[in-house]
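Visitor: Have a look at the structure that comes next, please.
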Amino acid sequence: MGKEDEKMKKILMLNCGSSSIKYRLFDSAFREILSGKVERIGEKESEIVHSKGSRVYRAKVKSNNHKEAIALMIRMLHDKEWGGIRNVAEISVIGHRAVHGGQMAKTSLVSGAALDYLKSFEMLAPLHNPHNIEGMKEMKKAMPNVPQVMIFDTAFHQTMPRKAYMYGLPYSFFDKYAVRRYGFHGTSHKYVSLRAAEMLRMKKPNLITCHLGAGSSITAIKDGKSIDTSMGMTPLEGVMMGTRTGDIDPSIVQYLVNKYGFGYDDLFDIMNNKSGLLGISGTSKDIRIIEGKAKKGNERCELALEMFSYRVSKYIGAYAVALGRVDAIVFTAGIGENSPSMRKRICSNLGIIGARLDPRKNTKAIGKEADVSAKGSKIRILVIPTDEELMMAKEAAAAIGK
Ligand code: ADP
Numbered sequence: 306m307g308k309e310d311e312k313m314k315k316i317l318m319l320n321c322g323s324s325s326i327k328y329r330l331f332d333s334a335f336r337e338i339l340s341g342k343v344e345r346i347g348e349k350e351s352e353i354v355h356s357k358g359s360r361v362y363r364a365k366v367k368s369n370n371h372k373e374a375i376a377l378m379i380r381m382l383h384d385k386e387w388g389g390i391r392n393v394a395e396i397s398v399i400g401h402r403a404v405h406g407g408q409m410a411k412t413s414l415v416s417g418a419a420l421d422y423l424k425s426f427e428m429l430a431p432l433h434n435p436h437n438i439e440g441m442k443e444m445k446k447a448m449p450n451v452p453q454v455m456i457f458d459t460a461f462h463q464t465m466p467r468k469a470y471m472y473g474l475p476y477s478f479f480d481k482y483a484v485r486r487y488g489f490h491g492t493s494h495k496y497v498s499l500r501a502a503e504m505l506r507m508k509k510p511n512l513i514t515c516h517l518g519a520g521s522s523i524t525a526i527k528d529g530k531s532i533d534t535s536m537g538m539t540p541l542e543g544v545m546m547g548t549r550t551g552d553i554d555p556s557i558v559q560y561l562v563n564k565y566g567f568g569y570d571d572l573f574d575i576m577n578n579k580s581g582l583l584g585i586s587g588t589s590k591d592i593r594i595i596e597g598k599a600k601k602g603n604e605r606c607e608l609a610l611e612m613f614s615y616r617v618s619k620y621i622g623a624y625a626v627a628l629g630r631v632d633a634i635v636f637t638a639g640i641g642e643n644s645p646s647m648r649k650r651i652c653s654n655l656g657i658i659g660a661r662l663d664p665r666k667n668t669k670a671i672g673k674e675a676d677v678s679a680k681g682s683k684i685r686i687l688v689i690p691t692d693e694e695l696m697m698a699k700e701a702a703a704a705i706g707k
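Letter 182 of the sequence shown, counting from 1, is numbered 487 in this note's numbering, and no numbers are missing.
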């Protein structure tokens, strides 16, 4: 293949979830060519939403399993009108999202050994790892000659020092059972930290990045590296989230099991899927709905917002101590990017560390990059929309040396 052909090569990103696959094709300059998702896989009726440029194709489809969804995606990639490749040789690398990568610090080639390692963490990410693995296996069958890599949500946090990732359990639990903090949303925290460095015109600023979405996590970044993060061995730890509890006293579990007869699995289902903003508000996990009802005087919705913002601001305070000096606080993901009122609530507690919001700039910053700090604020406050697939595409290209 000539140099010109090499330049035309494309990068395919794939994110396989429990009932959906999302894909995005980039050119060699990391510009998006197309993107799409197949949703409700395995249900009576699935749906494909596929975008190329400003045009969108939507159709009801039959997709019994991930294999069929992937076959559909491959047909779309080749489609004359909607596709972006004529043959698979045009793809230089396929990057797969892998949620729990254990202690893997680097993007890895999809191989038997790497898949086995990923499988060993299935129990800790039951909604993600099995489907990530399935997607990798299917793509290996469909495109055996294209290099494929897995990019871990946990990888960015492998730079945490021992004092941050160890739990206060017997040391042997770490040795024998790999019990430690791993952290998640690594690709997002990394992406916004690189963008923040550009916005601040600083090489390696000290940052506190707040990924506030359906799942939420806060990370302390020093010299470009994660030194602490709020999610733990699993995504359940840390700040309160859409449906997850965040930090709770583990004895609550023992108490509810022994005194009230709850089953462990039921309790963990409640702690993962029925708690947090949803559990407290009793209304929704979606901050837009909760904010709407709180405005109309719903007390439980107001409480949910107070708890969420209080807990986020406490983590920011803790990480300011961990970092010693903070150049900027970054807000990203669904809530962080789009809810000025939640940013206002969180920042109203941050005067003690010298972070002050400009209310007008904050109100205007919805879904776009902005510096929303007040004049004279000691710490800059930035809003940066995340782009995990773009970050993964760059990681995938770097992994194969392109
Ligand atoms: P994920 O990618 O983890 O599914 P997102 O980062 O998209 O989650 O975040 C989803 C959450 O973000 C929603 O539940 C909602 O609370 C919030 N959100 C999304 N869009 C908006 C918006 N326009 N205004 C306020 N909040 C929003």
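Where a beta carbon is used, it is the ideal one built from N, C-alpha and C, also for glycine.
Looking at the strands, I want to know which residues DSSP matches up with Val366.
Guide: Position 61 of the sequence shown, counted from the start, is the residue given in the question as residue 366. In the DSSP output, where bridge partners are listed per residue, Val366 has Ser351.
Visitor: Determine whether the beta carbon atoms of Gly543 and Ser535 lie at a separation below 8 Å.
Guide: Position 238 of the sequence shown holds residue 543. Position 230 of the sequence shown holds residue 535. For the 8 Å CB-CB criterion, Gly543 and Ser535 form a contact.
Visitor: In the DSSP assignment, find the beta strand (DSSP E) that holds His494 and state where it starts and stops.
Guide: The sequence position of residue 494 within the sequence shown is 189, counting from 1. First-last for His494: 491-505, but that is the alpha helix (DSSP H), not the beta strand (DSSP E).
Visitor: Between the region 316-333 and the region 685-702, are three or more C-beta pairs nearer than 8 Å?
Guide: yes
Visitor: Does DSSP put Ile592 in a helix, in a strand, or in coil?
Guide: Position 287 of the sequence shown, counting from 1, holds the residue named residue 592. In the structure shown, Ile592 sits in a helix (DSSP, three-state: H, G or I).
Visitor: Listed in chain order, which residues are found with a beta carbon closer than 6 Å to a heavy atom of the ligand ADP?
Guide: For the ligand ADP, the selected residues are Gly518, Ala519, Gly520, Gly547, Lys590, Asp591, Ile592, Arg593, Ala638, Gly639, Ile640, Asn643, Ser644.
Visitor: Between Lys445, Met448, Ser678, Asp421, which lies nearest to Pro435 when the distance is taken from Cα to Cα?
Guide: Counting from 1 along the sequence shown, the entry for residue 435 is found at position 130. Selected option, being the one with the closest Cα: Asp421.
Visitor: Tell me the rounded alpha-carbon separation between Gly629 and Ala670.
Guide: Your numbering for residue 629 matches position 324 in the sequence shown. Your numbering for residue 670 matches position 365 in the sequence shown. Cα to Cα, Gly629 sits roughly 28 Å from Ala670.
Visitor: Quick one: Cα of His401 to Cα of Phe335, how far?
Guide: Position 96 of the sequence shown holds residue 401. Position 30 of the sequence shown holds residue 335. Whole-angstrom Cα-Cα distance: 16 Å.
Visitor: Could you tell me whether the region 545-560 touches the region 477-492, where touching means 3 or more Cβ pairs closer than 8 Å?
Guide: no
Visitor: When you compare each of Gly659, Leu541, Gly407, Leu610 to Glu593 by their alpha carbons, which one comes out closest?
Guide: For this step, residue 593 is matched to residue 288 along the sequence shown. Checking the sequence shown, residue 593 turns out to be Arg, not Glu. With distances taken between CA atoms, Arg593 lies nearest to Leu610 out of Gly659, Leu541, Gly407, Leu610.
Visitor: Using the DSSP secondary-structure output, state which residues sit across from Arg336 in a beta bridge.
Guide: To locate residue 336, count along the sequence shown from 1; it is residue 31. None; Arg336 has no bridge partner.
Visitor: Which runs of the alpha helix (DSSP H) at least 4 residues long sit entirely within the region 593-681? Give them in chain order.
Guide: Secondary structure in the region 593-681: the alpha helix (DSSP H) runs of 4 residues or longer, each lying completely within the stretch, are 604-628, 638-643, 645-652, 664-669 in chain order.
Visitor: Figure out for me which residue from Ser618, Ser324, Ile513 has the closest Cα to the Cα of Ala627.
Guide: Sequence index remark: in the sequence shown, residue 627 carries index 322 (1-based). It is Ile513.
Visitor: Can you give the Cα-Cα distance for Lys666 and Phe331, rounded to whole angstroms?
Guide: Along the sequence shown, read from residue 1 onward, the residue named residue 666 stands at position 361. Along the sequence shown, read from residue 1 onward, the residue named residue 331 stands at position 26. Looking at the backbone, the Cα of Lys666 and that of Phe331 are separated by about 33 Å.
Visitor: Once you ignore the five residues that flank Ala638 on each side, which residues in its own chain have a CB closer than 7 Å to its CB?
Guide: Locating residue 638 in the sequence shown gives position 333, counting from the first residue. Cβ within range, chain order: Ser493, His516, Leu517, Gly518, Thr691.
Visitor: Please state if the CB of Ile595 and the CB of Ser586 are separated by a distance shorter than 8 Å.
Guide: Position 281 of the sequence shown, counted from the first residue, corresponds to residue 586. Position 290 of the sequence shown, counted from the first residue, corresponds to residue 595. The answer is yes: Cβ separation under 8 Å.
Visitor: Quick one: using the 10 Å Cβ neighbour count with 16 as the cut-off for buried, is Tyr565 buried or exposed?
Guide: Numbered from 1 along the sequence shown, position 260 holds the residue referred to as residue 565. Exposed: under 16 other Cβ atoms inside 10 Å.
Visitor: Counting beta carbon pairs with one atom in the region 452-471 and one in the region 386-406, are three or more of them shorter than 8 Å?
Guide: yes
Visitor: Give me the Cα-Cα distance between Ile711 and Ala447, rounded to the nearest whole angstrom.
Guide: Shown here, the chain extends from 306 to 707; a query on residue 711 therefore has no answer.
Visitor: Could you check whether the region 386-393 touches the region 337-356, counting it as contact only if at least three pairs of C-beta atoms, one from each stretch, sit closer than 8 Å?
Guide: yes
Visitor: Helix, strand or coil for Asn320? Go by DSSP, reduced to three states.
Guide: Here the question's residue 320 lines up with position 15 in the sequence shown. Asn320 falls in the strand class under three-state DSSP.
Visitor: CA-CA distance, Ile523 and Arg549?
Guide: Taking the sequence shown and counting its residues from 1, the one referred to as residue 523 is at position 218. Taking the sequence shown and counting its residues from 1, the one referred to as residue 549 is at position 244. Each residue's Cα considered, the two are about 15 Å apart.
Visitor: First and last residue of the beta strand (DSSP E) that includes Ile553?
Guide: Counting from 1 along the sequence shown, the entry for residue 553 is found at position 248. Segment: none, Ile553 is in no beta strand (DSSP E) and carries neither H nor E.
Visitor: Using only alpha-carbon positions, find the residue among Leu339, Glu373, Ala376 that is nearest to Ser719.
Guide: As displayed, the chain neither begins before 306 nor continues past 707, which places residue 719 out of reach and without an answer.
Visitor: Quick check on the burial criterion: 16 or more other C-beta atoms within 10 angstroms. Buried or exposed for Leu382?
Guide: Along the sequence shown, read from residue 1 onward, the residue named residue 382 stands at position 77. Looking at its Cβ environment, which holds 16 or more other Cβ atoms inside 10 Å, Leu382 is buried.
Visitor: In or out: Met428 buried (at least 16 other Cβ within 10 Å) or exposed?
Guide: Your numbering for residue 428 matches position 123 in the sequence shown. Met428 should be labelled exposed.
Visitor: I'd like to know whether the C-beta atoms of Cys483 and Asp533 end up nearer to each other than 8 Å.
Guide: As a first step, residue 483 is located in the sequence shown; it is residue number 178 there, counting from the start. As a first step, residue 533 is located in the sequence shown; it is residue number 228 there, counting from the start. The amino acid at residue 483 is misidentified as Cys; the sequence shows Ala. No, the Cβ-Cβ distance between Ala483 and Asp533 is not below 8 Å.
Visitor: Quick check on this structure: which residue in Met504, Glu350, Gly537 has the alpha carbon closest to the alpha carbon of Val688?
Guide: In the sequence shown, counting from the first residue as 1, residue 688 sits at position 383. Comparing Cα-Cα distances from Val688 to each of Met504, Glu350, Gly537, the minimum goes to Met504.
Visitor: In this structure, how does DSSP classify Phe457 when only helix, strand and coil are distinguished?
Guide: On the sequence shown, position 152 is the one that residue 457 refers to. Residue state, collapsed to three classes: strand.
Visitor: Pick out whichever of Met647, Tyr624, Leu572, Gly581 has its Cα sitting closest to the Cα of Lys600.
Guide: The residue given as residue 600 occupies position 295 in the sequence shown. The shortest C-alpha separation from Lys600 is found at Met647.
Visitor: Thinking C-beta only, is Lys372 closer than 8 Å to Glu350?
Guide: In the sequence shown, counting from the first residue as 1, residue 350 sits at position 45. In the sequence shown, counting from the first residue as 1, residue 372 sits at position 67. The answer is no: Cβ separation not under 8 Å.
Visitor: With a threshold of 8 Å on Cβ separation, who are the neighbours of Ala376 within its own chain once the five nearest residues in sequence on each side are excluded?
Guide: Walking along the sequence shown from the start, residue 376 turns up at place 71. Taking C-beta separations shorter than 8 Å and ignoring five residues to either side along the sequence, the partners of Ala376 in its chain run Ala447, following chain order.
Visitor: Go ahead and pull the three-state DSSP assignment for Ile509.
Guide: If you number the sequence shown from 1, residue 509 lands on position 204. Strictly speaking, residue 509 in this sequence is Lys, with Ile absent from that position. In the structure shown, Lys509 sits in coil (DSSP, three-state: anything other than H, G, I, E or B).
Visitor: So for Asp571, helix, strand or coil by DSSP?
Guide: Translated into positions along the sequence shown, residue 571 becomes position 266. In the structure shown, Asp571 sits in a helix (DSSP, three-state: H, G or I).
Visitor: Near Leu655, which residues of its chain fall below 7 Å by C-beta distance, leaving aside the five closest residues on each side in sequence?
Guide: Translated into the one-based positions of the sequence shown, residue 655 becomes position 350. The residues are Ser618, Ile621.
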